[in-house]
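One structure below.
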Amino acid sequence: GAVVSQHPSWVICKSGTSVKIECRSLDFQATTMFWYRQFPKQSLMLMATSNEGSKATYEQGVEKDKFLINHASLTLSTLTVTSAHPEDSSFYICSAPSRDSGERGSYNEQFFGPGTRLTVL
Amino acid sequence: GNSVTQMEGPVTLSEEAFLTINCTYTATGYPSLFWYVQYPGEGLQLLLKATKADDKGSNKGFEATYRKETTSFHLEKGSVQVSDSAVYFCALRNSGNTPLVFGKGTRLSVIA
């Protein structure tokens, strides 16, 4: 089946530091991954599309220099929150479409990671 | 652009009550429609989906029918359980590798 993992599941950091969040597709390859942000009791907002071997595509209003995305391989995308501030505290979720065509989904079914809760003090 | 509107929560029901969570959408073309569920402290899980008009998605007693004429995809369950307490998100996707567009989510609390 298609499984997406994220690491860490939660992180607390000091203001001004950088935090890296990893998103891995464990049993399939993903040329594309999506990064979402979820504020408390709100919906998921797409931040950017991560593309293996090329630059990420950012949504309007998302700072490219603050949220660095690197899709280093077909199974790994990373989101680095640079110079984090308290307003960056949020729940960050990645997803990846899978070619799995079994009980757990069909081609281009999207599978979500469990999320990373970032708290910036 | 594409958008999803779902009913505001929170929704509080007694066990075995009937559940409806309304969802309407605006989209170009013929999107696929989804309901995702997020249990407390967990990530999103696909609950059900429908890929074309008049399709009915169903899972764990939940159902939703893709209504093109009313651009709706309302979620229903005949008898809710305490374990159904979660946040439910309606979402759409136009095609292939495009990202999902989510509604704001509806928090459901089921009390015994």
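Which chain is which? The protein sequence lines are G and U, in order. Going by the numbering used here, 106 is the number at position 106 of the first sequence; the sequence numbering is gapless. Going by the numbering used here, 7 is the number at position 7 of the second sequence; the sequence numbering is gapless. Quick reminder that beta carbons are idealized off the backbone N, C-alpha and C, glycines included.
Exercise. Are the C-beta of U:Thr106 and some C-beta of chain G separated by less than 8 Å?
Worked result: no
For this session: Taking only beta-carbon positions, decide if G:Gly16 is within less than 8 Å of chain U.
Result: no
Problem set entry | is_contact[U:Leu100, chain G] using C-beta, thresh 8 Å | yes
Exercise. When the Cα of U:Leu33 is compared with those of U:Glu15, U:Val11, U:Asp84 and U:Asn2, which residue comes out closest?
Worked result: U:Asn2
Exercise. Grouping DSSP H, G and I as helix and E and B as strand, with all else coil, what is U:Ser83?
Worked result: helix
Exercise. Counting Cβ pairs, one atom from each stretch, are 3 or more of them under 8 Å apart for the segment 65 to 78 of chain G and the segment 23 to 37 of chain G?
Worked result: yes
Exercise. So, helix, strand or coil for G:Glu87, using DSSP?
Worked result: helix
For this session: Report the neighbours of U:Gly103 on chain G: residues whose CB is nearer than 8 Å to its CB, in chain order.
Result: Ser43
For this session: Report the residue ranges of all beta strand (DSSP E) runs contained in full by the segment 20 to 84 of chain G; include only those spanning at least 3 residues, in chain order.
Result: 32 to 38, 44 to 51, 67 to 73 and 76 to 81
Exercise. Quick one: Cα of U:Asn59 to Cα of G:Val11, how far?
Worked result: 34 Å
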